[in-house]
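In what follows, a structure is listed as structure tokens, so that the remarks can point back to it.
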């Protein structure tokens, strides 16, 4: 059986379904590389910079998974899967500029390799190509991707501005729904609508994608605190170093039981000892367990959306995916 990139808990999924998804991903990869090519060498290099860097390709994978309830990897499904990945890649170019990042997927970020202007314009270039792909899929698909881009930008703006007078926890959960959940929801909707799904199936997969997308971010929040580097493959405390308040931190602040932790979370932590102190306190705090419970609630909500879908290998695969999102944090 072919392997799904990054596993995603699908090791025990139906072999025929996995093969169909892997085959579809290979076609999506070819399309990604062909549509962003430019006759201008420099533009070509910049546009392919993150495409060639790889990644989990979760959004096109999810598009293809949702298509397996019906007609599978149609030409329109492949095109829509490539479009959602291009939108995602475009946001990464812009995110790296805003975060002043120097690395992305093991290589120099575009803004570090060239400069901020090049990174921003390249992101815009990918947005344009995503729009061109979707334009061939009809007016409904074009409207959907426009609404999705609006949600992505609104979420980023709200994150940049901060909660202001609103509840920080509600604000955070709403923002990740926009920044992460909205594009994955669209991936599910596209996979359904371009494979012959009913309106009811399409709505269920849209809602499932919205929930599971946010759940992935919540699980990343937990892993950044709870998992040693040897287990997660990532350096713990990245969010602490960047001064990003994630859900476990917001819950810990809300609990108020550790004044020193609240003090540490007031801004970016620049020294290793401070990061280790904050991690130790967070791992003991009620905030971490409360974040896990919230993740469990999201997983239950996601599974509830699957109930209306026909029992088949695709539904089983999405159930495995839901379990994986939770299990990776334990």
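Residue numbers (this note's numbering): 1341 to 1670.
Glycine residues also receive a C-beta, built at the ideal position from the N, C-alpha and C atoms.
For this session: Measure from the alpha carbon of residue 1499 to the alpha carbon of each residue in 1482, 1519, 1486, then state which is nearest.
Result: Along the chain shown, one-based indexing puts residue 1499 at 159. If we check each option's Cα against that of residue 1499, 1519 comes out closest.
For this session: Measure the alpha-carbon distance for residue 1385 versus residue 1456 and round it to whole angstroms.
Result: Walking along the chain shown from the start, residue 1385 turns up at place 45. Walking along the chain shown from the start, residue 1456 turns up at place 116. Distance between the alpha carbons of residue 1385 and residue 1456: 15 Å.
Problem set entry | Chain-order list of residues whose beta-carbon lies under 8 Å from that of residue 1444 (same chain, five-residue window excluded) | Within the chain shown, residue 1444 is the residue found at index 104, counting from 1. Once the five neighbours on either side are set aside, the close Cβ partners of residue 1444 are 1390, 1393, 1432, 1436, 1450.
Exercise. Closest by CA to residue 1610, which one among 1621, 1584, 1624?
Worked result: Position 270 of the chain shown holds residue 1610. Taking only the C-alpha atoms, the option nearest residue 1610 is 1584.
Exercise. What's the C-alpha gap between residue 1421 and residue 1448?
Worked result: Taking the first residue of the chain shown as 1, we reach residue 1421 at position 81. Taking the first residue of the chain shown as 1, we reach residue 1448 at position 108. Each residue's alpha carbon lies about 26 Å from the other.
Problem set entry | Whole-angstrom distance between residue 1639 and residue 1555, CA atom to CA atom | Position 215 of the chain shown holds residue 1555. Position 299 of the chain shown holds residue 1639. Cα-Cα distance, rounded: 7 Å.
For this session: Would you give the residue range spanned by the alpha helix (DSSP H) that residue 1557 belongs to?
Result: Against the chain shown, residue 1557 aligns to sequence position 217. From DSSP, the alpha helix (DSSP H) with residue 1557 extends over 1539-1566.
Exercise. Where does residue 1654 fall in DSSP's three states?
Worked result: On the chain shown, position 314 is the one that residue 1654 refers to. Of the three classes helix, strand and coil, the one that applies to residue 1654 here is helix, per DSSP.
Exercise. Considering only the beta carbon of each residue, do residue 1536 and residue 1589 sit closer than 8 Å?
Worked result: Against the chain shown, residue 1536 aligns to sequence position 196. Against the chain shown, residue 1589 aligns to sequence position 249. The answer is no: Cβ separation not under 8 Å.
Problem set entry | Rounded straight-line distance, which links the Cα of residue 1615 to that of residue 1579 | Along the chain shown, one-based indexing puts residue 1579 at 239. Along the chain shown, one-based indexing puts residue 1615 at 275. In a straight line, the C-alpha of residue 1579 is about 10 Å away from that of residue 1615.
Problem set entry | Residue from 1416, 1373, 1396, 1371 whose Cα sits closest to the Cα of residue 1531 | The residue given as residue 1531 occupies position 191 in the chain shown. For the residues 1416, 1373, 1396, 1371, the minimum Cα distance to residue 1531 belongs to 1416.
Problem set entry | Entirely enclosed alpha helix (DSSP H) segments - the segment 1437-1492, minimum 4 residues | 1450-1453, 1456-1475
Problem set entry | Neighbourhood of residue 1648 by C-beta, 7 Å cutoff - its chain only, sequence neighbours within 5 removed | Taking the chain shown and counting its residues from 1, the one referred to as residue 1648 is at position 308. Closer than 7 Å at the Cβ level, and outside the excluded window around residue 1648, lie 1540, 1544.
Problem set entry | Local Cβ density within 10 Å of residue 1652, reported as buried at 16 or more and exposed below that | The count along the chain shown starts at 1 and reaches residue 1652 at position 312. The residue in question, residue 1652, is exposed, as its Cβ has fewer than 16 Cβ neighbours within 10 Å.
Exercise. With a Cβ-Cβ cutoff of 8 Å, do residue 1671 and residue 1364 count as a contact?
Worked result: As shown, the chain starts at 1341 and ends at 1670. That puts residue 1671 outside it, with no answer to give.
For this session: Given a cut-off of 8 Å, decide if residue 1523 and residue 1375 are closer than it, judged by their beta-carbon atoms.
Result: Position 35 of the chain shown holds residue 1375. Position 183 of the chain shown holds residue 1523. Their beta carbons are not under 8 Å apart, which means residue 1375 does not touch residue 1523 by this criterion.
For this session: Give the straight-line distance between the Cα atoms of residue 1570 and residue 1563, rounded to the nearest whole angstrom.
Result: Residue numbering aside, residue 1570 sits at position 230 when the chain shown is read from its first letter. Residue numbering aside, residue 1563 sits at position 223 when the chain shown is read from its first letter. Any reading at residue 1570 is ruled out, since the residue's pLDDT is 45, under 50, leaving its predicted position unreliable.
Exercise. Is DSSP giving residue 1602 helix, strand or coil here?
Worked result: Indexing the chain shown from 1 puts residue 1602 at position 262. DSSP places residue 1602 in helix when its eight states are reduced to three.
Exercise. So, helix, strand or coil for residue 1625, using DSSP?
Worked result: Walking along the chain shown from the start, residue 1625 turns up at place 285. In this structure, residue 1625 counts as coil in the three-state DSSP scheme.
For this session: Have a look at residue 1595 and residue 1354 and give me their C-alpha separation to the nearest angstrom.
Result: One-based indexing of the chain shown puts residue 1595 at position 255. One-based indexing of the chain shown puts residue 1354 at position 14. Their backbone Cα atoms lie some 44 Å apart in a straight line.
Exercise. Taking the continuous alpha helix (DSSP H) assigned at residue 1359, which residues delimit it?
Worked result: By one-based count along the chain shown, residue 1359 stands at place 19. Per DSSP, residue 1359 belongs to the alpha helix (DSSP H) from 1355-1375.
Exercise. What are the boundary residues of the alpha helix (DSSP H) that includes residue 1514?
Worked result: To locate residue 1514, count along the chain shown from 1; it is residue 174. Residues 1508-1516.
Exercise. Just the Cα atoms here: how many angstroms apart are residue 1513 and residue 1603?
Worked result: Here residue 1513 corresponds to residue number 173 of the chain shown, with the count starting at 1. Here residue 1603 corresponds to residue number 263 of the chain shown, with the count starting at 1. Those two C-alpha atoms are separated by around 23 Å.
Exercise. Nearest to residue 1552 by alpha carbon, out of 1388, 1398, 1377?
Worked result: Counting from 1 along the chain shown, the entry for residue 1552 is found at position 212. Here the closest residue by C-alpha is 1398.
Problem set entry | Distance CB(residue 1371)-CB(residue 1418) smaller than 8 Å | Numbered from 1 along the chain shown, position 31 holds the residue referred to as residue 1371. Numbered from 1 along the chain shown, position 78 holds the residue referred to as residue 1418. Going by C-beta atoms, residue 1371 is nearer than 8 Å to residue 1418.
For this session: For my contact list, residue 1401 and residue 1361 are in at a C-beta cut-off of 8 Å; report their separation, rounded to the angstrom.
Result: Within the chain shown, numbered from 1, the residue matching residue 1401 stands at position 61. Within the chain shown, numbered from 1, the residue matching residue 1361 stands at position 21. Indeed they touch by this definition, with Cβ atoms about 6 Å apart.
For this session: Tell me whether residue 1611 sits in a helix, a strand or coil according to DSSP, three-state version.
Result: In the chain shown, residue 1611 corresponds to position 271, counting from 1. In this structure, residue 1611 counts as coil in the three-state DSSP scheme.
Exercise. Is residue 1396 helix, strand or coil by DSSP?
Worked result: Counting from one through the chain shown, the residue named residue 1396 turns up at place 56. If DSSP states are grouped into helix, strand and coil, residue 1396 belongs with coil.
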